[in-house]
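Peer 1: This is the structure I have questions about; it appears just below.
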Amino acid sequence: MRRVALKIAYIGTNFHGYQRQPEYRTVEGELLKVFKETGIIEDTWKSHYSVAGRTDKGVHSTGNVISFITDEDIYINKLNGLLPNDIKIVAEARVPYGFKVRFPENRTYTYIQPIDESIDNINFDLMQQAMQLFIGKHNFRNFSKRNEKNPNREILETKLICNDDTLIFKIKGKSFLWNMVRKMVTAINHVGCEKLTLSNIEELLTPQELRQYIRLQPAPACGLILSDMQYKNIKFKESQYAKDKLIGYIKEEHKINQQKMKTDEKLVEILK
1 MRRVALKIAY IGTNFHGYQR QPEYRTVEGE LLKVFKETGI IEDTWKSHYS VAGRTDKGVH
61 STGNVISFIT DEDIYINKLN GLLPNDIKIV AEARVPYGFK VRFPENRTYT YIQPIDESID
121 NINFDLMQQA MQLFIGKHNF RNFSKRNEKN PNREILETKL ICNDDTLIFK IKGKSFLWNM
181 VRKMVTAINH VGCEKLTLSN IEELLTPQEL RQYIRLQPAP ACGLILSDMQ YKNIKFKESQ
241 YAKDKLIGYI KEEHKINQQK MKTDEKLVEI LK
């Protein structure tokens, strides 16, 4: 018996989220179907199967990680041949038996957003400043559900890149609350449009000030990518062939709308 960790990339557009659900197509459902078909996993409980991130409906990933115990050898190309085109295993690592996949040292989210040309005078400098305010330990109750048991989280790095007609938000943290990144993106956009001030962001992040100046709606799921997980002393063996197969699928997809086009382009860039 040995424990393995697999890095999973997928296009979330046609999935009802990561976690398996009866009567819905999910990333986990497709993975487990192939694992059981090949005998790698017969019972998820006995195999101690676990996943790092349960992404929502429509959210993509280039770096989600699963882990389980198995007697079987892992042949990535064989498994990828059985998986649908919008899911690929892109890396593998041998890990200690006690490896806890749910607790990476940090995880990175990337959010892709086309610039809305109909909005005049977006202040990108203010948006950059707003991004920096999130760094450090804060109470993120105003950026998730109001009844979170522990709304305190630590953001390690933030970056906002303006690339031609696209904004790229990068946010690295130790852990995240449900919808936290998407609500952060909404708040930063409001600062750029001067619907919120930098002082408003500071107040929303202050535990003693739980007033909401606006009801923050999460930015659309189609722009969000769970792009990376980092574990201490774990090095993944990457499969460029698997990445190329997923890139090929992305390039062949019909571009449904501008948001999806820009997200697809970033997915390709991250996978390369």
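Residue numbers for the sequence shown follow this note's numbering, beginning at 1 and rising by one. Even for Gly, the Cβ is constructed at its ideal location relative to N, Cα and C.
Please classify residue 14 as buried or exposed, where buried requires at least 16 other C-beta atoms within 10 Å of its C-beta.
Peer 2: With fewer than 16 other Cβ atoms within 10 Å, it is exposed.
Peer 1: Assuming residue 183 and residue 216 form a contact by the criterion Cβ under 8 Å, report the distance between their Cβ atoms to the nearest whole angstrom.
Peer 2: Indeed they touch by this definition, with Cβ atoms about 5 Å apart.
Peer 1: Fully enclosed by the segment 62-140, which beta strand (DSSP E) runs are 3 residues long or longer?
Peer 2: Complete beta strand (DSSP E) runs here, min 3: 87-95, 106-114 and 136-139.
Peer 1: In whole angstroms, give me the CA-to-CA distance for residue 98 and residue 104.
Peer 2: Spanning the two alpha carbons is a distance of roughly 13 Å.
Peer 1: I'd like to confirm the pairing. Which residues does DSSP put opposite residue 162 in its beta bridges?
Peer 2: 167, per the DSSP bridge assignment.
Peer 1: Which stretch, first to last residue, makes up the alpha helix (DSSP H) that contains residue 185?
Peer 2: Unbroken alpha helix (DSSP H) run through residue 185: 180-192.
Peer 1: Which class does residue 17 belong to by DSSP, given the choice of helix, strand or coil?
Peer 2: Residue 17 falls in the coil class under three-state DSSP.
Peer 1: With 16 other CB atoms within 10 Å as the buried threshold, where does residue 166 fall?
Peer 2: It counts as buried.
Peer 1: Please name the residue or residues paired with residue 51 in a DSSP beta bridge.
Peer 2: The partner list for residue 51 (beta bridge, DSSP) reads 66.
Peer 1: Look up residue 1 in the DSSP assignment and say whether it is helix, strand or coil.
Peer 2: Looking at residue 1 - three-state DSSP - the assignment turns out to be coil, as it is neither helix nor strand.
Peer 1: Counting Cβ pairs, one atom from each stretch, are 3 or more of them under 8 Å apart for the segment 104-114 and the segment 168-184?
Peer 2: Yes: at least three Cβ pairs fall under 8 Å.
Peer 1: Starting from residue 225, trace the beta strand (DSSP E) in both directions and tell me its first and last residue.
Peer 2: First-last of the beta strand (DSSP E) with residue 225: 224-230.
Peer 1: Does the segment 130-146 come into contact with the segment 21-40, if we say contact requires no fewer than three beta-carbon pairs (one atom in each stretch) closer than 8 Å?
Peer 2: Judged by Cβ distances under 8 Å, the segment 130-146 makes no contact with the segment 21-40, as fewer than three pairs qualify.
Peer 1: My guess is that residue 142 and residue 204 are in contact by the Cβ rule of under 8 Å, so how many angstroms apart are they, rounded?
Peer 2: Sure, about 4 Å apart at Cβ, within 8 Å.
Peer 1: Taking only three categories from DSSP, how would you classify residue 250?
Peer 2: Residue 250: helix per DSSP, three-state reduction.
Peer 1: Report the three-state DSSP secondary structure of residue 142 (helix, strand or coil).
Peer 2: Three-state DSSP puts residue 142 in a helix.
Peer 1: Given that a residue counts as buried once 16 or more other Cβ atoms are within 10 Å of its Cβ, and exposed if not, what is residue 17?
Peer 2: Buried.
Peer 1: Starting from residue 38, follow the alpha helix (DSSP H) in both directions and report where the run begins and ends.
Peer 2: It spans 27-38 - the alpha helix (DSSP H) in which residue 38 sits, taken as one unbroken run.
Peer 1: On the DSSP bridge assignment, give the partners of residue 9 in chain order.
Peer 2: Its beta-bridge partners are 88.
Peer 1: Alpha carbon to alpha carbon, how far is residue 83 from residue 31? Give it in angstroms, no decimals.
Peer 2: If you take the alpha carbons of residue 31 and residue 83, they lie about 7 Å apart.
Peer 1: Could you give the first and the last residue of the continuous alpha helix (DSSP H) run that contains residue 204?
Peer 2: Here the alpha helix (DSSP H) through residue 204 covers 198-204.
Peer 1: In the DSSP output, which residue or residues are listed as bridge partners for residue 172?
Peer 2: Paired residues: 108 and 157.
Peer 1: Less than 8 Å between the C-beta atoms of residue 69 and residue 48, yes or no?
Peer 2: Contact: yes.
Peer 1: Please name the residue, chosen from 201, 148, 144 and 88, that lies closest to residue 180 on a Cα-to-Cα basis.
Peer 2: Nearest of 201, 148, 144 and 88 to residue 180, Cα basis: 144.
Peer 1: Does the beta carbon of residue 57 come closer than 8 Å to any beta carbon on chain B?
Peer 2: Given the protein chain composition of this structure (a single chain), no chain B is represented.
Peer 1: Tell me the rounded alpha-carbon separation between residue 86 and residue 194.
Peer 2: Answer to the nearest angstrom: the Cα atoms are 38 Å apart.
Peer 1: Whole angstroms are fine: how far does the CA of residue 248 sit from the CA of residue 254?
Peer 2: Because the pLDDT of residue 254 is 46, which lies under 50, any placement of that residue in the model is unreliable, and the number read from its coordinates should be weighed accordingly. Their backbone Cα atoms lie some 12 Å apart in a straight line.
Peer 1: Determine the contact status of residue 9 and residue 78, defining contact as a CB-CB distance below 8 Å.
Peer 2: Contact: no.
Peer 1: Under the rule that 16 or more other beta-carbon atoms within 10 Å means buried, what is residue 160, buried or exposed?
Peer 2: It is buried - the Cβ of residue 160 has at least 16 other Cβ atoms within 10 Å.
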